[in-house]
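Numbering (the UniProt record's numbering), first residue to last: 1 to 131. For every residue, glycine included, the Cβ atom is placed at its ideal position computed from N, Cα and C. First up is the structure itself, then whatever we jot down about it.
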Amino acid sequence: MLRMLRSLRAWILVVAVAWIATITTLIMSKPEDGAPSADVLATQIADALRAQDADRLAQLVSLDAGGDEVARVTVANFGTVDTQLITSHLERLNGVQVVVDYVRPNGERGALRLPAVVSAGRWKVTPVATP
């Protein structure tokens, strides 16, 4: 046994197995895209728009393809908005909608309504429009 502990081959094997196990665990523990509830979805959308983070917003869009591009364009268009004045809330009329309220630098107010959907237990919004 002592001889095995001094063997470089044994240590290489142990490190390799530990590395593969760590990578596998990290991949499997990554949460699904979307939000666990509609309230969290509304908060995450407002946070992503305030932070001008297209990658975070893309994870909340229900499109299978093109969600990254839609999120990037939306964030770019929200660049003309006072990011400190972006808020969101839910409306539950004919389904659930995330309403993002914003204020432009000239004082003009606007609201963006995004229908929310549940897919595999995760909440997302349908394609994001721009203000």
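query                                                                                                                                                                         : result
For a quick check, are the C-beta atoms of HIS89 and VAL99 less than 9 Å apart?                                                                                               : yes
Helix, strand or coil: how does DSSP classify ASP58 here?                                                                                                                     : As written in the sequence, residue 58 is Ala, which differs from the Asp given in the question. In this structure, ALA58 counts as helix in the three-state DSSP scheme.
Taking residue 133 and LEU85 to be in contact with their CB atoms under 8 Å, please state how far apart those CB atoms are, rounded to whole angstroms.                       : The requested residue 133 is not part of the displayed model; the chain covers only 1 to 131.
Please confirm whether ALA54 and ASP68 have their CB atoms less than 9 Å apart.                                                                                               : yes
Considering only residues of the same chain and omitting the five flanking positions on each side of ASP33, which have a CB-CB separation below 6 Å?                          : GLN59
What's the call for ALA46, buried or exposed, on a 16-neighbour Cβ count within 10 Å?                                                                                         : buried
If I follow the unbroken alpha helix (DSSP H) through LEU8, where does it start and stop?                                                                                     : 8-28
Run through DSSP, which three-state label would ALA65 get?                                                                                                                    : coil
I'd like the ranges of any alpha helix (DSSP H) spanning at least 4 consecutive residues and lying wholly in the segment 61-120.                                              : 67-77
Hey, quick one: how far does the alpha helix (DSSP H) through ASP47 stretch, first residue to last?                                                                           : 38-50
Count the other C-beta atoms from every protein chain shown that fall within 10 angstroms of the C-beta of ARG37, then say buried if there are 16 or more, exposed otherwise. : Per the sequence presented here, residue 37 reads as Ser, with Arg not at that position. Label assigned to SER37: exposed.
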